[in-house]
Amino acid sequence: MNINKIKVFVLGSMLLVSTSCQDLLKEEVISNIGNDYINTAKGFEDATKAAYSSLRTFYGTQLGLTFTEYGTDIYATGADGGYKGFHFYDTQIQPTVDYLAILWDEMYKGINTCNAVIERAAAVQGVSDATKKLRVAEAKFLRAHYYYILHEQFGPLDLRLTETLAPTKESKRSSSAEVYAQIIKDCNEAIADLENKAHSNDYGRATRASAEALLAKVYLAKAYGPNKAADDFQKAADLCTSLITKYGFRLLDDFAAVHDENNQQNSEVVFAVQYTTDQITNATNAGGEGGGGNNLHLFFGMQYDTQAGMVRDVLNGRPFKRLRPTAFCLNNIFGERVNDSRYKKTFKDTWLCNSPGSFNTSFDNSKARVTFAAGDTTIFIPGFEMSQAERAKRKYQVLVPSRYDEALFPTLQKFFDTKRADRTEPRGSRDYFVWRLADIYLMRAEALFQLGKKAEAVADINVVRQRAGWPGKKDAMKITEAELTFDFIVDERARELAGEQMRWLDLKRWGLLVDRVKKHNPQAQAVAEKHYLRPIPQTQIDRSAKTAEGTSVFAQNPGY
Numbered sequence: 009m010n011i012n013k014i015k016v017f018v019l020g021s022m023l024l025v026s027t028s029c030q031d032l033l034k035e036e037v038i039s040n041i042g043n044d045y046i047n048t049a050k051g052f053e054d055a056t057k058a059a060y061s062s063l064r065t066f067y068g069t070q071l072g073l074t075f076t077e078y079g080t081d082i083y084a085t086g087a088d089g090g091y092k093g094f095h096f097y098d099t100q101i102q103p104t105v106d107y108l109a110i111l112w113d114e115m116y117k118g119i120n121t122c123n124a125v126i127e128r129a130a131a132v133q134g135v136s137d138a139t140k141k142l143r144v145a146e147a148k149f150l151r152a153h154y155y156y157i158l159h160e161q162f163g164p165l166d167l168r169l170t171e172t173l174a175p176t177k178e179s180k181r182s183s184s185a186e187v188y189a190q191i192i193k194d195c196n197e198a199i200a201d202l203e204n205k206a207h208s209n210d211y212g213r214a215t216r217a218s219a220e221a222l223l224a225k226v227y228l229a230k231a232y233g234p235n236k237a238a239d240d241f242q243k244a245a246d247l248c249t250s251l252i253t254k255y256g257f258r259l260l261d262d263f264a265a266v267h268d269e270n271n272q273q274n275s276e277v278v279f280a281v282q283y284t285t286d287q288i289t290n291a292t293n294a295g296g297e298g299g300g301g302n303n304l305h306l307f308f309g310m311q312y313d314t315q316a317g318m319v320r321d322v323l324n325g326r327p328f329k330r331l332r333p334t335a336f337c338l339n340n341i342f343g344e345r346v347n348d349s350r351y352k353k354t355f356k357d358t359w360l361c362n363s364p365g366s367f368n369t370s371f372d373n374s375k376a377r378v379t380f381a382a383g384d385t386t387i388f389i390p391g392f393e394m395s396q397a398e399r400a401k402r403k404y405q406v407l408v409p410s411r412y413d414e415a416l417f418p419t420l421q422k423f424f425d426t427k428r429a430d431r432t433e434p435r436g437s438r439d440y441f442v443w444r445l446a447d448i449y450l451m452r453a454e455a456l457f458q459l460g461k462k463a464e465a466v467a468d469i470n471v472v473r474q475r476a477g478w479p480g481k482k483d484a485m486k487i488t489e490a491e492l493t494f495d496f497i498v499d500e501r502a503r504e505l506a507g508e509q510m511r512w513l514d515l516k517r518w519g520l521l522v523d524r525v526k527k528h529n530p531q532a533q534a535v536a537e538k539h540y541l542r543p544i545p546q547t548q549i550d551r552s553a554k555t556a557e558g559t560s561v562f563a564q565n566p567g568y
């Protein structure tokens, strides 16, 4: 899909104002694209493309990580950065935090564009009925996707299904049951009319597979809550079965290959949000610090570039030190490394010299000085407490767990982006994989487990685990029915999907957020039941109409 056109249309669609826009904001359309442009054949196509753009606020950004990986059982805060209240669950999480308003506003902007496409399609001239039907189906998938993101973060919300053309204070909180019903309706209608294939020839557009993956996520989320239905787990399992069997998706043989930046359109990707090497299009997004593009490469890195023999370079990334793995993540989730390759392939453990010379050591007390030529190993992270005597034999610094801190820690390497223009460039061009096949297998295993079908659940988990096994160790990765517990499923998803913007949503879905975070994340002991929902942005409350008593008709979530 030509995502360059997305930006052009978004600039011209400022009249598509949702309830989240400020009442007094005077907006000037500087692109000379008026509101009627969407009624033309080209405008209708561009509007559909524009409807995808709000996904780039949530996926592949620090904002998205803040809502999905911060403050979980497997990730804690690094040395730098803001928004640490989302790690600590302390009083820094207030309705006035700008990330809350950015997420809310951008999702509703996307919803409003979807509403415009859906409503105006019938009157557009010069577009075939078949194409209109397809574009409306894409818009329904996207609208469902945006409401799913909002609902999982904020709970009951303003369910708007018609185009908003001017600022309004009219709003209300629809119930979770109503929101789920609309999301499911949109997904089912999208599934009926989208292309019946894994990926569109115009790569990046939603297909039937994309909508089935979203609906499976929705049924799993719903199945654990007060709006659950008796067949939610079965429906989720059936959708996953369709994805596994009908579209030609295939697990790659090597876990590391999934995240190879040179093989982004691989057979495991179910749905991806597109980014680009065009730095005009990549110049900005609403996803927070990082300047635009897919910038996840920034946030998981340790401070390698101030260590002996190292300076910052494109290959090793620009380390913002926002997230570091918890001890539980390293020692328990990734504790087994003889058979399982995922610790080695998830975390970078070796750095090679790019600044030759002799240096004093810093974190390794087994030696006072080190000398490096270009390409020599400078830092090695063994992942266990190597003895001082053993470290002394090495010509480089060895970082052992007792010396991990908020600046030095194993670095997630899934999102490295070596195609950036230079070592200071934050804007990455990699696609963000929203859903991939291993996730679908684990979702089906979870649903089957809840249905009491343990043998089938074990088979799905073993497919994922055997792929992750070292050569010659794959059979050792298999588990038995007796070994399968719900906690095993919880941990297996962490092993496979660490950092991939799912953990907080998983813990919320299972109702385990408070329990698991209190047990495994010492930084986040203030987590409480109220944190299953985020605060409603104060801007939304202030912009809504007032009751006779002078309070907003849009109520705040409990505890905030």
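Following the numbering used here, the residues of the sequence shown are numbered contiguously, the last one being 568.
For glycine and all other residues, C-beta sits at the position ideal for the given N, C-alpha and C.
Asked, Found
"Paired residues, beta bridge with Tyr444 - DSSP", "Per the sequence shown, the amino acid found at residue 444 is Arg instead of Tyr. BP columns for Arg444 point to Val277."
"Leu331 - containing beta strand (DSSP E), residue span", "331 to 333"
"Rounded C-alpha distance that separates Ala189 from Ala124", "21 Å"
"Within 7 Å, strictly: CB atoms of Ala198 and Phe441", "no"
"Residue from Arg64, Lys403, Lys254 whose Cα sits closest to the Cα of Arg377", "Lys403"
"Burial state of Cys29, where buried means 16 or more other Cβ atoms lie within 10 Å", "The pLDDT assigned to Cys29 is 37, lower than 50, so where the model puts this residue is not dependable; a value taken from the coordinates is nonetheless given after this. It counts as buried."
"6 Å Cβ shell around Asp194 - same chain, five flanking residues per side excluded", "Lys148, Arg151, Ala152"
"At least 3 beta-carbon pairs within less than 8 Å: the segment 232 to 247 vs the segment 259 to 278", "no"
"Which of helix, strand or coil DSSP assigns to Gly343", "coil"
"Bridge partners - Thr385, DSSP secondary structure assignment", "Leu360"
"Which of helix, strand or coil DSSP assigns to Leu323", "coil"
"Residue(s) in a DSSP beta bridge with Arg411", "None; Arg411 has no bridge partner."
"Boundaries (first-last residue) of the beta strand (DSSP E) holding Gly51", "Looking at the DSSP string, Gly51 is not in any beta strand (DSSP E); the run it does join, the alpha helix (DSSP H), is 49 to 59."
"Residues near Ala49 in its chain [Cβ-Cβ closer than 6 Å; skip 5 each side]", "Gly134, Val135"
"Neighbourhood of Ala219 by C-beta, 7 Å cutoff - its chain only, sequence neighbours within 5 removed", "Phe149, Cys195, Ala198, Ile199, Leu202"
"Beta-carbon proximity check, Thr74 vs Arg511, cutoff 7 Å", "no"
"Minimum C-alpha distance to Pro543 - residue among His159, Thr170, Cys361", "His159"
"Counterpart residues of Arg377 in DSSP-defined beta bridges", "Asn368"
"Asp348 - partner residues in DSSP beta bridges", "Gly477"
"Collapsed DSSP secondary structure at Gln242 in the structure displayed", "helix"
"Best match in Ser560, Phe562, Thr547 for proximity to Tyr107 [C-alpha to C-alpha]", "Thr547"
"The segment 476 to 486 touching the segment 311 to 323, judged by at least three CB pairs closer than 8 Å", "no"
"Inside the segment 517 to 552 only - alpha helix (DSSP H) runs reaching at least 4 residues", "521 to 528, 546 to 551"
"CB-CB length for His95 against Gln564, believed under 8 Å", "That pair is no contact at about 22 Å."
"Nearest-angstrom Cα separation, counted from Ala244 out to Leu420", "30 Å"
"Assigned secondary structure, Leu420 (DSSP; H/G/I helix, E/B strand, else coil)", "strand"
"Beta-carbon proximity list for Gln396, same chain, < 6 Å, skipping 5 on both sides", "Ser374"
"Pairwise C-alpha distance: Asn362 and Glu344", "32 Å"
"Selected residue, minimal CA-CA separation from Arg503, among Arg517, Arg428, Glu454, Ser349", "Ser349"
"Cutoff 7 Å: Ile192 Cβ touching any chain D Cβ", "Among the chains in the structure shown there is no chain D, since it carries only a single protein chain."
"Enclosing beta strand (DSSP E) for Thr85 [first to last residue]", "83 to 85"
"Contact set for Lys34: own chain, Cβ-Cβ below 8 Å, skip 5 residues either direction", "In this prediction, Lys34 scores a pLDDT of 45, lower than 50, which makes its location untrustworthy; no coordinate-derived value is stated."
"Val278 vs Ala217 beta-carbon contact at 7 Å", "yes"
"Val498 - containing alpha helix (DSSP H), residue span", "494 to 505"
"C-beta atoms of Asn529 and Gly436 nearer than 7 Å", "no"
"Under 7 Å between C-beta atoms of Thr69 and Gly295", "yes"
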